[in-house]
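Residue numbers (UniProt numbering): 1 to 195. Where a beta carbon is used, it is the ideal one built from N, C-alpha and C, also for glycine.
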Amino acid sequence: MTIVGLTGGIGSGKTTVAKEFKKIGVPVYIADEEAKRLMNRSKVIKRKLIDLFGENAYIDDKLNRPFIADIIFNDTMYLQKMNAIVHPKVARHFEKWTLKQNAPYVIKEVAILFENGGHTQCDYIITVIAPIEVRIQRLLKRDDTTKDKIKAIMKNQWSDKEKVKLSDFVIENIELQNTIIQVNEVHDKILQNIA
Numbered sequence: 001m002t003i004v005g006l007t008g009g010i011g012s013g014k015t016t017v018a019k020e021f022k023k024i025g026v027p028v029y030i031a032d033e034e035a036k037r038l039m040n041r042s043k044v045i046k047r048k049l050i051d052l053f054g055e056n057a058y059i060d061d062k063l064n065r066p067f068i069a070d071i072i073f074n075d076t077m078y079l080q081k082m083n084a085i086v087h088p089k090v091a092r093h094f095e096k097w098t099l100k101q102n103a104p105y106v107i108k109e110v111a112i113l114f115e116n117g118g119h120t121q122c123d124y125i126i127t128v129i130a131p132i133e134v135r136i137q138r139l140l141k142r143d144d145t146t147k148d149k150i151k152a153i154m155k156n157q158w159s160d161k162e163k164v165k166l167s168d169f170v171i172e173n174i175e176l177q178n179t180i181i182q183v184n185e186v187h188d189k190i191l192q193n194i195a
């Protein structure tokens, strides 16, 4: 099975691009969604996160996301420790999911694909880019957040320039119709490459 990594900085529009690939029949695995599910379902992960962050890590048996976000974006050591707990479980889940897919290739959408070394397990990499100001405006509209919080998250992610250097394909996601055209072009190129 050919594995295509899909990544991009926060607010670049990875989810939009992933949806367009889904529409043309490509199986898409959203690693962040699975990580959220596992953090709420897995007893082992829960226990380890409570050990790491304390009893406030969960409220009513649900992950206390704002509490954890405040900690991890102010101290990268906590972010790395949390990733070391969650990412191996997500990787195993992805492997099982891949075996059930019947398609020429699958997409694994991961926000921090390069930062966590996941790009080394991909046959191709697509990076979604957009100007920083556009990304900030999208996030301010979408999330209950501030510019400072967004910039703190961006600081923990590689720059577009670094990601693009290691990518096979780049999709500039500013205007939807143009993004859809680029998705179809990339899809055709991947199919040609794996034929």
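**OP:** Output the boundary residues of the alpha helix (DSSP H) element that contains E172.
**Re:** Looking at the DSSP string, E172 is not in any alpha helix (DSSP H); the run it does join, the beta strand (DSSP E), is F169 to E172.
Subject >> Of the residues A91, K96, G117 and G54, the one placed nearest Y78, counting alpha carbons only >> reply: G54
**OP:** Measuring alpha carbon to alpha carbon, tell me which of A195, N184, K149 and I171 ends up nearest I71.
**Re:** K149
Original post:
Can you find at least 3 beta carbon pairs, one from the segment 25-34 and one from the segment 94-111, that sit closer than 8 Å?
Top reply: yes
Original post:
By how many angstroms is the C-alpha of Q182 removed from the C-alpha of V4?
Top reply: 15 Å
Original post:
In its own chain, which residues sit with a C-beta less than 8 Å from the C-beta of F73, not counting the 5 before and 5 after it?
Top reply: L79, K149, A152, I153 and N156
Original post:
Got a sec, what are the start and stop residues for the beta strand (DSSP E) K155 sits in?
Top reply: Where K155 is concerned, there is no enclosing beta strand (DSSP E), although the alpha helix (DSSP H) it sits in stretches over K147 to K155.
**OP:** For E20, count neighbouring Cβ atoms within 10 angstroms of its own Cβ and tell me buried if that reaches 16, exposed if not.
**Re:** buried
Subject >> Exposure label - G117; buried when at least 16 CB within 10 Å >> reply: exposed
Subject >> Minimum C-alpha distance to R47 - residue among D75, T16, I85 and R37 >> reply: I85
Original post:
At what residues does the alpha helix (DSSP H) containing E162 begin and finish?
Top reply: D160 to K165
**OP:** Could you check what DSSP says for G8 in three-state terms: helix, strand or coil?
**Re:** strand
Subject >> Candidates N56, L140, R37 and K141: closest to residue 200 by CA position >> reply: A query on residue 200 cannot be resolved here, the shown segment of the chain reaching from 1 to 195 and no further.
Original post:
Pairing CB atoms from the segment 183-192 with CB atoms from the segment 132-147, are three or more of them under 8 Å?
Top reply: no
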